[in-house]
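Notes for the one structure printed next.
Put into structure tokens, the structure is as follows:
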């Protein structure tokens, strides 16, 4: 059994970085951190050892609560109240950080080691100008000339590609966009040219295009300054793009470490294997509909798992063997004799021999599949800004312009785009939270698929459904309005009707699942209450019937019935999101709008929720509108995709066609920017610059023209792009795209 | 910025007009009239009618209101019945005394509260924090009159080093400055307790913000972080409350002024109200409104100076 020793390692070096040395820049040796509270102590980190060579980028991944941020803060010796270093050493350039005097520590912080944080907005002081916050750094670390410090700050703002650096110095954090703020934080960290840069989830919460630009910037600056990086993330894709080596944390223990290639290509620890298997495949052909199943990791991390003597992952592991895994501490073991790739598992051979479970694929054979349940036609939302005294100021925000699309039974309509693209406005209009200004949204009833009267009609109508194209007009030929039935019962206009004016039945038929289940479930209501209320109110069930129905719902979302008496805070994030899904299902809706349903959840839990949503679609009664910025998820789930930019749909069509050429330049940029959990994936060829224009302007031409890498000078910014039709697939672009027949705007 | 100031001034003028009309009308409609007050309960109807005519009270209220406002603009606020003197002379005198007491108190209260609040809030749960918290909740919970009596027992009766009353006259045997000590002490102890806990809470909140961690990890010392990054942020939320104390200090010092026989604005208003001295009540109310509106204006301007996110 190989142990971590003084072996000389060969570090993979990035181009242009400083020459490798045998001494590590940062060494964590058997790091242990404990939290001491009123109810005794608990282990936060246990025996965490790794080192980072000068100029190297080390990625630390793990799910929420695994201790990744604690590692970062321990290196800076900034442990929160009640946390203490109990074991091991942290050596930075050979000196023990824990033994440093306060003055020595302060000379280290911000100077030799600097940090970039998640959520740049809150990491910057809101009442100080960018300039003052930057200048502070050199002035704290030996610079006495304020003018020199200022010049350096301006130069550094230029390095992080911020426009007009001199003017930027006088601005306040709130006047900058999220991407710009993170650039400022990076500039602040690099002010003193640190030897080690710690980045704690630096791109979480930013749009994919901005994330790609930030990662690009970090790669570039790293090559230029030769800075070593400790990169902390829950996103395997960003780690794969940026880092040389990776460490996987689980329950405060490092379970696997090695080069990016080794770990991604041949993961050894069951947990790492599980994490990678839980991700939607980014290379698989787009079949759509979420009909393939992802493989979530069973179970959840329990607090008690941290205290286990043996493997912390044992309760969730499929290869567990009581004696080997649970009786004694398990050391990091070399994988296949390779000292650079190690895993903390006592059954490596067994695990390696096991085949990853085959992804099951479910046929979609529901009767109603393909029927249009919601049709949007030129739906628009304009906010008129009111000036003083309530008069209109003439300015308007064009949040949504001429959006036409359809959601079909048994299928997923995915809406993608950066923040500010109008995705959420669309969801709010459909759910009735804000009424549309013009256009229509038509909610239709699925033709009954059982022996109910009218069942015959469906067969005559359904062939048109799957071939339906692009914009759907209620009066379009092939509209499936069964003659003989009253139109009011079968379809209903909801676009301009606010939720208060909608009938209880209409409200029941549209339900939402939100991003953050913590804030959408009332913390003082039990799960049972949260589920019973919609059953009683929307479906008018009796107390006894509702009780039986709640149990069925819990079964449907795969939750044990004994959770019913619990309050939301007693559940895990994944369980809470299941409850949110169950609550949405309680009213037997026709349409579920899921706004970023998994982005607040851990990877291993995401897969289970995605599977659940996929299962729900198989009944065929339900259409899902999925709003997401995660293109991996969209690729996995969507049957239809609408790509939005600045309130307009730039590309719309069946998923398999949207994810294949020809692309709208914006779609192409989004696809390029999405981080892929694959060390072989090439760096994005197109990285969008700049920001989305203000939605208060009424642009004459294409909204994307200001950032488009393929802009035709003099045309794109002046004229509205024509909508090009490729069968069911439409792209709004001036460029000639191969195989397209142009239709009028 | 200029537009903002102009608009605020316009709003102030409008509010002042509305309040004056309201107060005038209220006094007009409350039972009992000025004339019977002046003449006493045994005056006959003829006398009452004669005086009413002489004073012009038989004319419509709206006419008299405009007359009153016209005279007020020239500085003539009418005659006080209680003090048997022009309202203007009494009002400005009393207001001056109160403003002096308020200014001295404010100058003590604010720095004291900021220092103690910041000290306590910057190290939540420390000994300093707990000591300051206990001190502030004790002083804030003792009413002014109890505090006054209590302090008089110590410093006046017990130690005999301070005067027990503050009529602001030099013939009492105590220098004028020494007559300020007791009222200021009572007001400060009572009022600062409240402000300290407000500022402490805000400071605790700010110290938990990520930008404080950013500042610390830049290599700053604790003192540098507190002074450079925390204090200004911590003052934004309590700022309104700090300025509201000015209103209290101008028109709410009735109890303290009464306890120490201080010839101030609050006591004047109390006496006028008890005697139904309408001229004083009207003029005093307008002054109180002006003070409130001015502090509001300062509040808005101060907010803008403290927090760059707020712009007009």
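Residue numbers (this note's numbering), protein chains in the order written: chain A, 1 to 745; chain B, 1001 to 1312.
Ideal Cβ placement from N, Cα and C applies to all residues, glycine included.
Computed from a predicted model, the values in this text were never measured in an experiment.
Asked                                                                                                                             : Found
Own chain, CB closer than 8 Å to residue 1075 (chain B), minus 5 neighbours either side, in chain order                           : 1088
Chain A within 8 Å of residue 1303 (chain B), Cβ atoms only                                                                       : no
Local conformation of residue 477 (chain A) per DSSP, three classes                                                               : Here the model assigns residue 477 (chain A) a pLDDT of 38, short of 50, so the residue's position is not dependable, and the following value carries that caveat. DSSP places residue 477 (chain A) in coil when its eight states are reduced to three.
C-alpha gap between residue 1292 (chain B) and residue 1251 (chain B), whole angstroms                                            : 10 Å
Partners in chain B for residue 36 (chain A), counting only beta-carbon separations shorter than 7 Å                              : The contacting residues do not exist; residue 36 (chain A) stays about 14 Å from chain B at best.
Nearest neighbour of residue 671 (chain A), chosen from A:319, A:634 and A:711 [CA to CA]                                         : A:634
Residue-level contact to chain A via CB, residue 1306 (chain B), 8 Å cutoff                                                       : yes
Separation of residue 538 (chain A) from residue 510 (chain A), as counted between CA atoms                                       : 11 Å
Residues sharing a beta bridge with residue 642 (chain A), DSSP                                                                   : A:415 and A:652
Close-in-space but distant-in-sequence residues of the same chain around residue 718 (chain A) (CB under 8 Å, 5 per side omitted) : 700 and 701
Range covered by the beta strand (DSSP E) that runs through residue 169 (chain A)                                                 : No beta strand (DSSP E) contains residue 169 (chain A), which DSSP labels as neither H nor E.
Close beta carbons around residue 31 (chain A), own chain, < 6 Å, minus the five adjacent residues each side                      : 45, 48 and 88
Alpha helix (DSSP H) segment containing residue 1244 (chain B), residue limits                                                    : 1239-1251
Continuous alpha helix (DSSP H) assignments of at least 4 residues falling wholly in the stretch 1133-1161 of chain B             : 1144-1151
Beta-carbon separation (whole angstroms), residue 721 (chain A) vs residue 732 (chain A), contact threshold 8 Å                   : 5 Å
Contacts that residue 1221 (chain B) makes with chain A (C-beta to C-beta distance below 7 Å)                                     : 106
Whole-angstrom C-beta distance between residue 225 (chain A) and residue 190 (chain A), which should lie under 8 Å                : 7 Å
Touch test, the stretch 1190-1203 of chain B against the stretch 1166-1175 of chain B, Cβ-Cβ under 8 Å, three pairs minimum       : no
8 Å Cβ shell around residue 330 (chain A) - same chain, five flanking residues per side excluded                                  : 310, 311, 344, 345 and 346
Cutoff 8 Å: residue 1008 (chain B) Cβ touching any chain A Cβ                                                                     : no
For residue 228 (chain A), the nearest candidate out of A:372, A:69, A:614 and A:58 (CA to CA)                                    : A:58
Close Cβ partners of residue 1121 (chain B) (< 6 Å) along its chain, the five nearest in sequence each way excluded               : 1200, 1203 and 1204
Cβ shell of residue 382 (chain A) (< 6 Å), same chain only, five flanking positions each side left out                            : 396, 398 and 437
Residue 1306 (chain B) to residue 171 (chain A) span [Cα, whole Å]                                                                : 15 Å
CB contact flag (residue 439 (chain A), residue 495 (chain A), <8 Å)                                                              : yes
Residues bridged to residue 405 (chain A) (per DSSP)                                                                              : A:376
Chain B contact residues for residue 123 (chain A), given Cβ-Cβ distances below 8 Å                                               : 1210, 1211, 1213 and 1214
Residues near residue 1225 (chain B) by beta carbon distance below 8 Å, same chain, minus five either side                        : 1212, 1215 and 1216
Strand pairing of residue 335 (chain A), partner residues [DSSP]                                                                  : A:338
Exposed unless 16 or more other CB atoms sit within 10 angstroms - verdict on residue 640 (chain A)                               : buried
For residue 1065 (chain B), the first and last residue of its enclosing alpha helix (DSSP H)                                      : 1061-1073
Segment limits, alpha helix (DSSP H) that includes residue 1270 (chain B)                                                         : 1265-1275
Straight-line gap, residue 141 (chain A) to residue 105 (chain A) (C-alpha atoms, nearest Å)                                      : 12 Å
First and last residue of the uninterrupted beta strand (DSSP E) at residue 38 (chain A)                                          : Careful: residue 38 (chain A) lies outside any beta strand (DSSP E) and carries neither H nor E.
Beta-carbon spacing of residue 586 (chain A), residue 531 (chain A) below 8 Å                                                     : yes
C-beta atoms of residue 187 (chain A) and residue 157 (chain A) nearer than 8 Å                                                   : yes
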